[in-house]
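Asker: If you read the protein sequences in the order shown, they are chains F and A.
Heads up: the first sequence at position 219 corresponds to 219 in the numbering used here, and the numbers run straight through without jumps.
All you need for the numbering used here is the position in the second sequence, starting with 1, plus 1000.
Can you read through this structure? Questions will come right after.
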Amino acid sequence: MRSWVFFVGIRDRQISNTGLNLPLFVSGAETDIGGRDLLALVAQGKESAMDRCIKEYAPLVWSIVRRYVQNTSSAEDVVQETFIDLWRSAKRYDSSIATHTTFVGLLARRRAIDHTRKESRRPRLEPMPEGDSLNLASEGPNALMKCEREVVRQALAKLPEETREIFILHFDQGMTHPEIVEWTGLPLGTVKTRLRRGLIELRNQLRPANSPSNPQTPNS
Amino acid sequence: MTDQEIISRFEELDAGRILGDLDTGEMDEWEELARDPRCQSDLALELTAAALEAEFQDTNKIELPPGLLEELEKGTADFVVEKPSKKVEETVGEIPLWRKILSDKDTAWAIAALFAILFVAQTFVSDPSTSTPGPPSTQVSPEEASKTLVAEAKDLIRAPFEGGGDYKGMSGEVVWSDERQEGYMSLTNLPVNDPKSKQYQLWIVDPTRDEKPVDGGVFDIGLAEGTTVIPIRNPLVIRDPKAFVITLEQPGGVVVSKQEIVVAAANS
Chain F
1 MRSWVFFVGI RDRQISNTGL NLPLFVSGAE TDIGGRDLLA LVAQGKESAM DRCIKEYAPL
61 VWSIVRRYVQ NTSSAEDVVQ ETFIDLWRSA KRYDSSIATH TTFVGLLARR RAIDHTRKES
121 RRPRLEPMPE GDSLNLASEG PNALMKCERE VVRQALAKLP EETREIFILH FDQGMTHPEI
181 VEWTGLPLGT VKTRLRRGLI ELRNQLRPAN SPSNPQTPNS
Chain A
1001 MTDQEIISRF EELDAGRILG DLDTGEMDEW EELARDPRCQ SDLALELTAA ALEAEFQDTN
1061 KIELPPGLLE ELEKGTADFV VEKPSKKVEE TVGEIPLWRK ILSDKDTAWA IAALFAILFV
1121 AQTFVSDPST STPGPPSTQV SPEEASKTLV AEAKDLIRAP FEGGGDYKGM SGEVVWSDER
1181 QEGYMSLTNL PVNDPKSKQY QLWIVDPTRD EKPVDGGVFD IGLAEGTTVI PIRNPLVIRD
1241 PKAFVITLEQ PGGVVVSKQE IVVAAANS
């Protein structure tokens, strides 16, 4: 399994590849460029910000989409749809709720999962909301604390070992549910339940402690 | 079922919806419960899944399909309100424009001509005696502007660069003035870079700002010998720089450096 990328703030120091003693740069998601929020500039229709956004997030979007969409041509279409969503929904982005990376990741997942549903001929299920309906600003303090990498990693570490293992198999190794069943020998229902309840538990941990919607959902 | 049991069941199904693993029966159940006013989808669940998804992606190793970036750039056409201007370049980073120019073989001659014109122009207008505090005129060469800064700045910071690893042979220094928000790097024996492959990027470590180093701009080294003076392009106000770090990054630079190749550092 891939090792975790440890977040280290700039106050920490390391011996870098060159032997120089330097502060580590934050490896988590960033929120601004040049002192101004990149997505705010995108929302204003600034082409240079969009170009920067594409350069910065196309690999992430492609990576996420490819997990769900195997066909290369279809995956490219989904990536393009994701960025169209991003241009449309940038004005609703709220940096106090999600990092750029999380926001872009959310849009990519939505598009990819919707595509998968359509491909699996399950038209009855309502599609996930379009990106332009996304409004983080309206979520207020109940939504989520900012998902910096360190916070996510700490929350994951608190999950029960058996749940954490399935999360890593699914999100890190990219295993499908049947593959996890084959790998772990667990029944499909158990895998699904652990993933679902684990997700809820993580959500609860990532929510601000003072949020009125912070139920402690037991993990089983 | 009690209200709480209904809400909990919906929440679990909603997590399944977000994870994309609902079976047909569960889809029916989710749809029915979704119509119940007691049941509300929680965006935070989806944000959690997205944060996890992003956390595990190693985007450094991702190779995009050929042409995808160009297609994505074309896709912005309907949403662009403002084309890049000098102001926007300074705010967002002027590198994309440079990258576009440098990647265009047909305009290579134009770049050479531009530099030639600037070189000729600077010989006529660079007069240190006329310099005033503040950012230097674009008609003054970085070398001259640096000298002026050193001569005039009352709060001048000078720090030598120390190369590391493959760059131990380099030398140089950085000069900086908080008051004037102006600074220059003088770099010697830094290897010439191919802007289409890699570019140098400066980072300014200012603990008074926040934990993230400030992007000091990307630059290229075009001379194999001699000293190159590079102006520092700080988009944010620098109050108390503690270090200046040069990394080697992808063309156009990066927003957050992973310090994979640290070229040199200067501690003030």
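All C-beta atoms in this analysis are idealised placements derived from N, C-alpha and C, irrespective of residue type, glycine included.
1) Which partner residues does K46 (chain F) have in the DSSP bridge list?
2) Taking the beta strand (DSSP E) that A1243 (chain A) belongs to, which residues open and close that run?
3) Counting beta carbon pairs with one atom in the stretch 1033 to 1049 of chain A and one in the stretch 1070 to 1077 of chain A, are three or more of them shorter than 8 Å?
4) Return helix, strand or coil for D114 (chain F), following the three-state DSSP convention.
5) Would you identify the three-state DSSP class for T99 (chain F), choosing helix, strand or coil?
6) If the cut is a Cβ gap below 7 Å, which residues of chain F does P1065 (chain A) touch?
7) Going by the CB atoms, is the gap between L60 (chain F) and D85 (chain F) shorter than 7 Å?
8) I need the straight-line Cα distance from K192 (chain F) to H170 (chain F), nearest angstrom please.
9) For the alpha helix (DSSP H) holding V79 (chain F), just list the boundary residues, first then last.
10) Count the other CB atoms within 10 Å of the CB of E161 (chain F); is the residue buried (16 or more) or exposed (fewer)?
11) Roughly how many whole angstroms lie between the Cα atoms of E1029 (chain A) and E76 (chain F)?
12) Are the beta-carbon atoms belonging to Q1201 (chain A) and V1214 (chain A) less than 7 Å from one another?
13) Given a cut-off of 7 Å, decide if V78 (chain F) and V69 (chain F) are closer than it, judged by their beta-carbon atoms.
14) Which residues share a DSSP beta bridge with N1267 (chain A)?
15) Roughly how many whole angstroms lie between the Cα atoms of T231 (chain F) and T102 (chain F)?
16) Measure from the C-beta of E47 (chain F) to each C-beta in chain A and report whether the shortest distance is under 7 Å.
17) Going by CA-CA distance only, name the one from A:D1166, A:I1204 and A:E1179 that's closest to L957 (chain A).
18) At 7 Å on the CB atoms, spell out the chain A contacts of Q80 (chain F), in chain order.
19) DSSP state of A1272 (chain A), grouped into three classes?
20) Where are the beta strand (DSSP E) runs, 3 residues long or more, that stay fully inside the stretch 1131 to 1214 of chain A, in chain order?
21) Give, in chain order, every residue of the stretch 49 to 62 of chain F whose Cβ lies closer than 8 Å to some Cβ of chain A.
22) Can you name the start and end residues of the alpha helix (DSSP H) that R244 (chain F) belongs to?
23) Leaving out five residues before and five after G1183 (chain A) in sequence, what residues of the same chain have Cβ atoms less than 7 Å from its Cβ?
24) Please confirm whether F171 (chain F) has its beta-carbon closer than 7 Å to some beta-carbon of chain A.
25) Can you have a look at T1269 (chain A) and say buried or exposed, based on whether 16 or more other CB atoms are within 10 angstroms of its CB?
26) Identify whether I64 (chain F) lies in helix, strand or coil by the three-state DSSP scheme.
27) Give me whichever residues DSSP pairs with I1062 (chain A) in a beta bridge.
28) Quick one: does G1016 (chain A) have its CB under 7 Å from some CB of chain F?
29) Within its chain, find whatever has a CB closer than 6 Å to the CB of H115 (chain F); leave out the 5 residues flanking it on each side and keep chain order.
30) Counting only beta-carbon separations shorter than 7 Å, does T102 (chain F) have a partner in chain A?
31) Reducing DSSP to helix, strand and coil, say where P160 (chain F) ends up.
32) Taking C-beta to C-beta, are F1010 (chain A) and C1039 (chain A) nearer than 7 Å?
33) Exposed or buried, M991 (chain A), counting other C-beta atoms within 10 Å across all chains shown (16 or more means buried)?
34) Among A:L1019, A:Q1259, A:L1013 and A:D1014, which has the Cα closest to the Cα of M175 (chain F)?
35) Comparing the C-beta of Q1057 (chain A) with each C-beta of chain F, is any distance below 7 Å?
Answerer: In short, the structure shows the following:
1) For the purposes of this step, residue 46 (chain F) is taken as the residue at position 46 of the first sequence. Beta-bridge pairing links K46 (chain F) to A:E1082.
2) Translated into positions along the second sequence, residue 1243 (chain A) becomes position 243. Unbroken beta strand (DSSP E) run through A1243 (chain A): A1243 to E1249.
3) no
4) One-based indexing of the first sequence puts residue 114 (chain F) at position 114. Helix at D114 (chain F).
5) Numbered from 1 along the first sequence, position 99 holds the residue referred to as residue 99 (chain F). The answer is coil: DSSP assigns T99 (chain F) none of H, G, I, E or B.
6) As a first step, residue 1065 (chain A) must be located in the second sequence, where it is residue number 65. Those are T72 and E76, listed as they occur along chain F.
7) Stepping through the first sequence from its first residue, residue 85 (chain F) is reached at position 85. Stepping through the first sequence from its first residue, residue 60 (chain F) is reached at position 60. No. Outside cutoff.
8) As a working note, residue 192 (chain F) is residue 192 in the first sequence. As a working note, residue 170 (chain F) is residue 170 in the first sequence. Going by the C-alpha atoms only, they are around 11 Å apart.
9) Translated into positions along the first sequence, residue 79 (chain F) becomes position 79. Its alpha helix (DSSP H) spans residues T72 to S89.
10) For this step, residue 161 (chain F) is matched to residue 161 along the first sequence. It counts as exposed.
11) Translated into the one-based positions of the second sequence, residue 1029 (chain A) becomes position 29. Translated into the one-based positions of the first sequence, residue 76 (chain F) becomes position 76. Those two C-alpha atoms are separated by around 33 Å.
12) For the purposes of this step, residue 1201 (chain A) is taken as the residue at position 201 of the second sequence. For the purposes of this step, residue 1214 (chain A) is taken as the residue at position 214 of the second sequence. In this structure, V1214 (chain A) does not lie closer than 7 Å to Q1201 (chain A) by Cβ.
13) For this step, residue 69 (chain F) is matched to residue 69 along the first sequence. For this step, residue 78 (chain F) is matched to residue 78 along the first sequence. Contact flag set, yes.
14) Counting from 1 along the second sequence, the entry for residue 1267 (chain A) is found at position 267. DSSP output for N1267 (chain A) lists A:A1243 as bridge partner(s).
15) In the structure as shown, chain F starts at 1 and stops at 220, and residue 231 (chain F) therefore has no counterpart that could be examined.
16) As a first step, residue 47 (chain F) must be located in the first sequence, where it is residue number 47. Yes, E47 (chain F) lies at the interface with chain A (some Cβ there is under 7 Å from its Cβ).
17) Outside the displayed span of chain A (1001 to 1268) sits residue 957 (chain A), for which this structure offers no information.
18) Numbered from 1 along the first sequence, position 80 holds the residue referred to as residue 80 (chain F). Neighbours of Q80 (chain F) on chain A, chain order: E1071, L1072 and G1075.
19) Outside the shown range of chain A (1001 to 1268) lies residue 1272 (chain A), about which nothing can therefore be said.
20) 1156 to 1160, 1171 to 1177, 1182 to 1188 and 1199 to 1205
21) A49, M50, D51, R52, I54, K55, E56, A58, P59, L60 and W62
22) Look at the range of chain F in this structure, 1 to 220, and you will see that residue 244 (chain F) is not part of it.
23) Mapped onto the second sequence, residue 1183 (chain A) falls at position 183. V1174, V1175, W1176, S1177 and I1232, listed in sequence order.
24) Here residue 171 (chain F) refers to the residue found at position 171 when the first sequence is read from its first residue. Cβ-Cβ to chain A under 7 Å: yes for F171 (chain F).
25) Residue 1269 (chain A) cannot be examined here, being either before or after the span of chain A that is shown, 1001 to 1268.
26) On the first sequence, residue 64 (chain F) is found 64 positions in, with the first residue counted as 1. In the structure shown, I64 (chain F) sits in a helix (DSSP, three-state: H, G or I).
27) As a first step, residue 1062 (chain A) is located in the second sequence; it is residue number 62 there, counting from the start. Note: I1062 (chain A) sits in no beta bridge, so no partner.
28) Sequence index remark: in the second sequence, residue 1016 (chain A) carries index 16 (1-based). Yes - at least one Cβ of chain F is within 7 Å of the one on G1016 (chain A).
29) Counting from one through the first sequence, the residue named residue 115 (chain F) turns up at place 115. V69 and V78.
30) The sequence position of residue 102 (chain F) within the first sequence is 102, counting from 1. Yes, T102 (chain F) lies at the interface with chain A (some Cβ there is under 7 Å from its Cβ).
31) For the purposes of this step, residue 160 (chain F) is taken as the residue at position 160 of the first sequence. Three-state DSSP puts P160 (chain F) in coil, outside helix and strand.
32) Locating residue 1010 (chain A) in the second sequence gives position 10, where the first residue counts as 1. Locating residue 1039 (chain A) in the second sequence gives position 39, where the first residue counts as 1. Yes, the pair counts as a contact, with Cβ atoms nearer than the cut-off.
33) In the structure as shown, chain A begins at 1001 and stops at 1268. Residue 991 (chain A) is therefore absent and cannot be evaluated.
34) Along the first sequence, read from residue 1 onward, the residue named residue 175 (chain F) stands at position 175. It is A:L1019 whose Cα lies nearest to the Cα of M175 (chain F).
35) Start at 1 with the first residue of the second sequence, and residue 1057 (chain A) comes out as number 57. Yes, its Cβ sits closer than 7 Å to a Cβ of chain F.
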